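Enquirer: Here it is, the structure in full.
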Ligand code: DGP
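In the working numbering, the protein residues as written are 5 to 117.
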């Protein structure tokens, strides 16, 4: 999608600190990290958010989670990590391209918000 920030990052039109890429997804460090490790895992196919995922996207969504888990290992997050995906206004989703945040490297708050 031409106007989508993450589509532009995936296409290399906007620079990013890439940590992983395959044929289906792209992962890079968040510009505004909320934890020592804060990586965004983004499917290359544009889907607005997880609520927009349909049955045909389920394998892709599963792949995104698998990559997130592999990256947690690669980043040395042996003590645990958190995966977050925001969907819509109440979740304060700011980029309307489905993505999963991988957060780790510190003790997370028990409060999820
Ligand atoms: P969300 O609120 O779930 O839509 O998260 C979007 C995240 O994207 C937010 O944590 C900040 C990050 N972000 C926004 N613009 C850029 C950018 O240009 N580069 C990078 N690396 N991250 C960005």
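We treat Cβ as the ideally placed atom computed from N, Cα and C, and that holds for glycine. Remember, it's a predicted structure, so these values are computed and weren't measured experimentally.
(1) Rounded C-beta distance between residue 101 and residue 46? I'm assuming under 8 Å.
(2) On a Cα-Cα basis, can you pick out the residue from 109, 67, 64, 53 that is closest to residue 90?
(3) I'd like to know whether the C-beta atoms of residue 87 and residue 75 end up nearer to each other than 8 Å.
(4) Give the single residue among 98, 92, 78 whose Cα lies nearest to the Cα of residue 109.
(5) In chain order, which beta strand (DSSP E) runs of at least 3 residues are fully inside the stretch 50-100?
(6) Going along the chain, which residues of its own chain have a beta-carbon closer than 8 Å to the beta-carbon of residue 56, five neighbours each way excluded?
(7) Where does residue 119 fall in DSSP's three states?
(8) What residue from 83, 28, 34 has the CA that sits closest to residue 66's CA?
(9) Is residue 8 near the ligand ADP, going by C-beta to nearest heavy atom under 7 Å?
Expert: In short:
(1) 6 Å
(2) 53
(3) no
(4) 78
(5) 85-88
(6) 102
(7) With the chain represented from 5 up to 117, any question about residue 119 goes unanswered, as that position is not in the structure.
(8) 28
(9) By its list of ligands, the structure shown excludes the ligand ADP, since it contains just the ligand DGP.
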